[in-house]
Amino acid sequence: MDARLLDLLVCPLCKGPLDYRRDKQDLVCKADRLAFPIRDGIPVMLEDEAAQLPAEEVDALR
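Position one of the sequence shown corresponds to residue 1 (UniProt numbering), numbered consecutively onward.
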């Protein structure tokens with residue numbers, strides 16, 4: 001992922017910051033506990049495509 005693009009992207013729901021998880025190829029919103037996938041280098045910022053994360057997994061990112 002391009003670092004400049006990561007600086008511009010925010011959660012489409014709460015407008016909060018996103019964390020990039022290189023190993024899982026997704027962007028995580030800790031506030032909403034959602035993981036937005038990155039497919040072919042393109043972030044898919046749709047709520048319907050996001051995976052709900054358990055609280056334990058989000059807490060591990062902090």
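Virtual Cβ for every residue (Gly too), placed ideally from N, Cα, C.
| query | Would you call C29 buried or exposed, if buried means 16 or more other Cβ atoms sit within 10 Å of its Cβ? | reply | buried
| task | Can you grab the Cα-Cα spacing for the pair L13 / D23, in whole Å? | result | 24 Å
| From E47 to A60, what distance separates their C-alpha atoms? | 22 Å
| task | Could you check how far apart the C-beta atoms of F36 and E57 are, in whole angstroms? I think they sit under 8 Å. | result | Not really, about 14 Å apart at Cβ, beyond 8 Å.
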